[in-house]
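In this note's numbering, the protein residues as written are 43 to 301. Taking it in order: structure first as structure tokens, then the write-up.
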Amino acid sequence: MLGSLKEKTNDTLYAAGYTIVLIAETFLNLRFAVEKRKEILDQMFISGVGSLFVVSVVAIFTGMLLTLNTGLGLKDFGAEGQVGLLLTITLTREMSPFMTALILAASIGSAIAAEIGTMKVSEEIDALEVMSIDPVRFLVFPRVLGFSLMVPVLCVYSTILGTLGGAIVAHYQLGLEFIVYFQDVYERITSIPGLKDLYTGLFKGYIFGLIISSVSCSHGLRTSGGAIGVGRATRESVVTSFLMVIFFGYVITAIFYRQ
């Protein structure tokens, strides 16, 4: 058991170190952003437009569920009029980045790991290195940059849809007028604390995007064992991304809102 624990610890530390180095190498390739603009735009399209439908559905129902549960609790105290304020805080600060990151990790992140993992086991990565083509610049850099740039955009999009979904529930389930609801939302967004919530959520979205894309590429590049290895790398990339999103979500909130 101790031997297995030691082996697992070594594998985890190696994976963490490999991913950190991969992120550093990706940032070193930023000077090739103009040269790789087509590949970056393609990845932005895949990550953004390709995930638009599922993000839209989840965002609307997240806003509706949060409004319904929060509103019913507040209604016991006669404070259901504050539901728009609370929903805006929750969506911008936490739920929109969190839900968007989980959706993209499960859909786009797994696809990245599977794609690069398949190239690895079929020795296409080795062929690139033989031709003196840097795999990080050719494969990793466009995916990491395009993915991480699109996550904050999708966070804003999901916040807007979640707010609209909440407005429907607040009006038809809680009896709150639309003008009252959206007035609270507007006042919160335009206030200093509301702006802080907004840029905190955008920063979370970027960090989540960077983590998910880097972890997915890292697992793909370290794939071995044929088709079984590709499946294992895909599964591990999603699990690792989920854990990292939860951990760094808490850390970022604790840093920005510490007393």
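Glycine included, every Cβ here is placed at the ideal spot set by N, Cα and C. Since the structure is predicted, the reported quantities are computational estimates derived from the model, not experimental observations.
- When rounded, the separation of the alpha-carbon atoms in GLU67 and ASP226 is 45 angstroms.
- Sixteen is the threshold: when 16 or more other Cβ atoms of the shown chains lie within 10 Å of the Cβ of LYS162, as they do, the residue is buried.
- Our two residues, LYS50 and HIS261, have alpha carbons roughly 15 angstroms apart in a direct line.
- Annotation: the continuous alpha helix (DSSP H) that includes GLY188 extends over 183-214.
- ILE270 counts as exposed, since fewer than 16 other beta carbons sit within 10 angstroms of its beta carbon.
- It is roughly 41 angstroms from the alpha-carbon of GLU219 to the alpha-carbon of VAL280.
- Assignment of GLU77 by DSSP, reduced to helix, strand and coil, places it in the coil class.
- Note on the stretch 150-174: there is no whole beta strand (DSSP E) run with a minimum of 3 residues.
- Counting the other Cβ atoms within 10 Å of the Cβ of ASN71 gives 16 or more, which makes it buried.
- Counting the other CB atoms within 10 Å of its CB gives SER233 a total below 16, which places it among the exposed residues.
- For the pair ILE221 and LEU170, the Cα-to-Cα distance works out to about 59 angstroms.
- The beta carbons of LYS78 and PRO177 sit no closer together than 9 angstroms.
- For LEU64, the closest C-alpha among the options SER255, ILE294 and GLY105 is that of SER255.
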